[in-house]
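Offset between the sequence shown (1-based) and the numbering used here: plus 21.
Report on the following structure.
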Amino acid sequence: MDLLVVGGGPAGLATALHAARAGLDVAVWERCAGTVDKACGEGLMPGAVAALAALGVHPQGHDLRGIRYVAGPRRVDAGFRAGPGRGVRRTALHSALREAVLAAGVPVEQRTARRVEQDEDGVVVDGTRAGHLVAADGLHSPIRQALGLHRSHRAHRRYGLRRHYALAPWSDHVEVHWARDAEAYVTPVADGLVGVAVLTAGRGPYDGHLAAFPALRERLSGAGAAGPVRGAGPLRQRSSARTAGRVLLVGDAAGYVDALTGEGVALALAQAPAAVRAVVSGDPAAYERDWRRITRRYRWLTHALLRATRVPPVRAALVPAAQRLPWLFSAAVDALARPAGA
22 MDLLVVGGGP AGLATALHAA RAGLDVAVWE RCAGTVDKAC GEGLMPGAVA
72 ALAALGVHPQ GHDLRGIRYV AGPRRVDAGF RAGPGRGVRR TALHSALREA
122 VLAAGVPVEQ RTARRVEQDE DGVVVDGTRA GHLVAADGLH SPIRQALGLH
172 RSHRAHRRYG LRRHYALAPW SDHVEVHWAR DAEAYVTPVA DGLVGVAVLT
222 AGRGPYDGHL AAFPALRERL SGAGAAGPVR GAGPLRQRSS ARTAGRVLLV
272 GDAAGYVDAL TGEGVALALA QAPAAVRAVV SGDPAAYERD WRRITRRYRW
322 LTHALLRATR VPPVRAALVP AAQRLPWLFS AAVDALARPA GA
């Protein structure tokens, strides 16, 4: 086998699709059976939609025309200049990618990777040998930790909680509602379904966090919850490197700053072909350079926005400033909409 991918989420499945297209003998291991749901905002930026289309993957969802910031009665919109994004249920995205991988003849096995060893010729995972290993095993990647690449980060921990509501979308924008200590992301994902994700440094139940957004809570009050609350975090994950010998980290496993800018899937879709190119060329170190280039804008913008919004006066002034400087807000949204690394 040329490549083993551990992790059957969007990052791992996209990697497997690119590997199959490159003529590699590839297999995917995923510890969970079937379609997996996880807490995420579910808004795909236009760059992510284009990357999926290039793979022949067109998940069903709801077109997104831009981003709207909301703080009490204040609001400001910016449209996507590069074409629409798409609100897509995480399960729909996973299912579409999994079907494409299976159609490409790539085996997907329900297996957990427990022991990773490597030598000059390849990697051995629980007795299975492959030329290279891509670890796409998520935010809290066991492989990243086993390889000694994980770096702890205790300051300013943030968490995400998401619930769906059976409610017709009232906008074709992703709405970001700002409160003193949290943000709520409203994403239309189907004609009769919206997802509401809350990001916060505080711990507590979902409804308690939603109370910080009284106008949004009122709008949702007549709608039924369509499924359970799902959570994720701490969101900030650091990695000292993205490669270790013949092992490459892709997606959230490679490190993550925050979901504030909504670029997680777009980044994974850009990292996947870069990892495959490095495997094909026999130069895993090239992936480290590509990863830094692909994620540079995301890391800079997300760190800057996080630092600024930790200061209460700056946080309170964010939406009013965007109203006064709509060209600057539009430029920021346009940057987010472009393909990662472009």
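Ideal Cβ positions, reconstructed from N, Cα and C, are used throughout, including at glycine.
What you are looking at is a predicted structure, and each value in this text was computed from that prediction instead of being measured.
- Exposed is the label assigned to valine 335, since fewer than 16 other Cβ atoms lie within 10 Å of its Cβ.
- Rounded to whole angstroms, the gap between the alpha carbons of proline 80 and leucine 281 is 23 Å.
- Of the candidates Ala71, Val27, Arg42 and Met22, Ala71 places its Cα closest to the Cα of leucine 288.
- Taken in chain order, the whole beta strand (DSSP E) runs of length 3 or more contained in the stretch 199-223 are 203-211 and 214-221.
- In the DSSP assignment, the residues bridged to leucine 270 are Ala156.
- Cα atoms of histidine 185 and leucine 25: separation of roughly 34 Å, rounded to the nearest angstrom.
- Under DSSP, aspartate 84 takes part in a beta bridge, and its partners are Arg107.
- Assignment of tryptophan 191 by DSSP, reduced to helix, strand and coil, places it in the coil class.
- For glutamine 139, the enclosing beta strand (DSSP E) stretches over residues 137-139.
- In this structure, glycine 29 keeps its C-beta atom at 8 Å or more from the C-beta atom of valine 155.
- Relative to glycine 276, the option among Leu160, Val286, Arg224 and Glu309 whose CA is nearest is Leu160.
- For threonine 133, there is no enclosing alpha helix (DSSP H), as DSSP marks it with neither H nor E.
- The three-state reading of DSSP puts leucine 25 in strand, counting E and B together.
- Here aspartate 228 is exposed. Its C-beta has fewer than 16 other C-beta atoms within 10 Å.
- A buried status is given to cysteine 61, since no fewer than 16 other beta-carbon atoms sit within 10 Å of its beta-carbon.
- Secondary structure note for aspartate 355: its alpha helix (DSSP H) is the uninterrupted segment 347-358.
- The Cβ neighbour count for proline 209, taken over all protein chains shown within 10 Å, is at least 16; the residue is labelled buried.
- Of all alpha-carbon atoms in Gly77, Met66, Arg136 and Gly44, the one lying nearest the alpha-carbon of valine 27 is that of Arg136.
- As the crow flies, the alpha-carbon of valine 195 is around 29 Å from that of leucine 270.
- Contact annotation: proline 294 and histidine 39 have beta-carbon atoms nearer than 8 Å.
- Taking the Cβ atoms as the reference, aspartate 279 lies roughly 6 Å from arginine 257, within the contact range of under 8 Å.
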